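Engineer: Below you'll find the structure I mean.
Residue numbers (my numbering): 11 to 555.
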């Protein structure tokens with residue numbers, strides 16, 4: 011063998027080694043991660059209106075991205091604050107501590123709003139709407155971990171109409187979180203900064219809420235083409251103040267006066283949110299630096315519309331068709347600003363929604379109304395007759411029996427006997443499927459899937475003493491619109507679609523996945539530590555390699 015023939019393979023091996031070493035030295039990551047939570051989006055909305063979606067919005071995500079078709083919420087109750095927390099922490103209320111939109115601290119008996127913080131003040135308006143922070147969240151978020159992984163060089167920003175939709179996803183170490191004030195401005199709190207950035211002030215000065223509301227709300231397309239919805243005027247739909255019938259066009263121009271909160275219950279609320287998201291990308295130069303940034307966007311208007319009008323309303327269908335159009339424009343903007351293929355986006359929901367109770371009944375489907383307040387009054391009467399003390403049950407919040415521990419301690423009552431009395435009474439209620447003593451979950455005779463959700467949702471310091479599981483399609487709501495909060499698929503089956511950098515194109519996964527897998531999957535994609543309370547697993551099937 012000649013020397014040249016002998017040296018050539020060694021040379022090639024050396025080149026390959028240098029190339030491999032170079033690849034190891036240059037860790038590849040997307041420039042920007044965008045998380046989109048569509049508040050109250052049922053999984054089936056991806057397909058209910060699919061034929062009417064444009065090419066660039068939901069259809070683009072499904073066709074260019076990767077969809078996890080069986081993603082479920084793995085705890086109860088299914089509400090906004092918990093959903094947003096769980097998406098970005100990969101954890102559950104038992105660990106991250108956000109046990110509801112509101113919850114009761116058992117030690118003090120005080121009711122706490124999920125993001126309330128009396129130690130901070132509003133920045134951007136004179137209202138009290140800014141006295142908020144993430145301090146009640148006990149764990150880190152994926153944004154916190156990204157900041158830690160890059161020695162705080164990454165930027166993390168949360169944006170939503172709802173304070174909890176902006177604050178809880180962004181996490182503790184975020185650069186900023188912005189939410190909407192009824193006076194028409196986007197605001198924040200002194201937890202993040204002492205004054206708004208000039209670009210946010212300039213954005214507020216555009217008076218976009220007024221501009222949008224002056225346009226009124228009519229259907230995007232001919233109203234006769236809304237075949238996936240009930241008639242425009244039904245008893246299942248709620249009314250705006252001043253309306254005599256829930257019909258289009260909705261004269262928002264005559265309604266907002268000095269209170270711009272009405273924009274929350276129109277598709278314009280989502281448009282306004284994505285307007286601010288674009289402004290944040292541009293002015294904070296998100297995705298333009300040497301490290302990955304994260305933008306957490308929650309689209310809250312879908313929740314407000316759903317609560318007022320229900321699942322089957324034209325207003326709901328139109329809101330999703332308009333959101334689809336807004337998403338197409340947002341993705342087009344990201345393509346131009348950050349570069350197509352340079353960013354990763356995921357879209358999911360914090361919970362779904364049930365069909366309106368009367369709508370279900372009128373269509374021969376089982377459904378019923380349940381009143382926690384009535385049950386609590388009757389239970390307290392029985393407890394008073396037995397223990398000679400009033401108001402032993404403090405609340406039925408989150409379908410849980412919350413005991414008044416101050417009263418129990420002051421009167422030296424037997425808590426175990428109280429629990430047994432409550433359990434016996436609750437089991438006589440036809441609307442209740444299961445009654446579970448949260449001190450004895452292991453011995454509860456409940457299907458294992460439901461039991462796991464009860465365990466995950468039970469925070470020892472912030473949850474009640476007894477968990478109620480209502481029959482399917484039984485919930486607490488008014489005669490119009492709808493609500494959510496249960497373990498059932500209509501509330502817990504949520505969309506999860508990935509697109510962009512590192513994501514397999516056109517893929518679909520049918521094995522079960524969970525809301526707690528999302529943050530862990532982002533961590534795996536970015537090669538960073540998962541949040542410190544995470545219990546999920548990475549969805550590796552979504553990755554290109």
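Built from N, CA and C at the ideal position, the CB exists for glycine as well. The structure displayed is predicted, hence computed values, not measured ones.
(1) Can you list, in chain order, the stretches of the alpha helix (DSSP H) that have 4 or more residues and sit fully within the stretch 477-527?
(2) Pull the bridge partners of residue 202 from the DSSP assignment, please.
(3) By Cβ distance, which residues of its chain are closer than 8 angstroms to residue 192, with the 5 residues on each side in sequence left out?
(4) Taking the straight line between their C-alpha atoms, what separation do you get for residue 462 and residue 541?
(5) Between residue 479 and residue 443, which are expected to be in contact by the criterion C-beta below 8 angstroms, what is the C-beta distance as a whole number of angstroms?
(6) Residues in its own chain within less than 6 angstroms of residue 534 by CB, not counting five upstream and five downstream?
(7) Does DSSP put residue 349 in a helix, a strand or coil?
(8) Classify residue 112 as helix, strand or coil using the three-state DSSP reduction.
(9) Look at the alpha carbon of residue 37 and the alpha carbon of residue 551, and state the distance between them as a whole number of angstroms.
(10) Determine the DSSP secondary structure at residue 22, reduced to helix, strand or coil.
(11) Please report the distance separating the alpha-carbon of residue 174 from that of residue 64.
(12) Go through its chain and collect everything with a Cβ distance to residue 57's Cβ below 7 angstroms, but skip five positions before and after it.
(13) Among 302, 254 and 522, whose alpha-carbon lies nearest the alpha-carbon of residue 459?
(14) What span of residues does the beta strand (DSSP E) with residue 77 cover, start to end?
(15) Would you mind sorting residue 524 into buried or exposed? The rule is 16 or more other CB atoms within 10 Å of its CB.
(16) Under a Cβ-count criterion, where at least 16 other Cβ atoms within 10 Å of its own Cβ denotes burial, should residue 489 be classed as buried or exposed?
(17) With 16 other CB atoms within 10 Å as the buried threshold, where does residue 195 fall?
(18) So, helix, strand or coil for residue 106, using DSSP?
(19) Is there contact here, the stretch 395-412 with the stretch 367-386, by at least three beta-carbon pairs under 8 angstroms?
(20) Let me know the secondary structure DSSP gives residue 143 once reduced to three states.
(21) Residue range of the alpha helix (DSSP H) that residue 57 falls in?
(22) Are there 16 or more other CB atoms within 10 angstroms of the CB of residue 55, so buried, or fewer, so exposed?
(23) Is residue 266 buried or exposed, if buried means 16 or more other CB atoms sit within 10 Å of its CB?
Structural biologist: Looking at the coordinates:
(1) Taking only runs of at least 4 residues, the alpha helix (DSSP H) segments lying wholly in the stretch 477-527 are 499-502.
(2) For residue 202, which the question treats as bridged, DSSP gives no partner whatsoever.
(3) 137, 139, 269, 270 and 271
(4) Distance from the CA of residue 462 to the CA of residue 541, rounded to the nearest whole angstrom, comes to 21 angstroms.
(5) So it is a contact: roughly 5 angstroms between Cβ atoms.
(6) 548
(7) helix
(8) strand
(9) 20 angstroms
(10) For residue 22, the predicted model reports a pLDDT of 47, less than 50, meaning its position is unreliable and no value from the coordinates is stated.
(11) 30 angstroms
(12) none
(13) 522
(14) 76-78
(15) buried
(16) Exposed, by the Cβ-count rule.
(17) By the neighbour-count rule (16 or more Cβ atoms within 10 Å), residue 195 is buried.
(18) helix
(19) Here the stretch 395-412 lies against the stretch 367-386, with 3 or more beta-carbon pairs under 8 angstroms apart.
(20) coil
(21) 55-58
(22) buried
(23) buried
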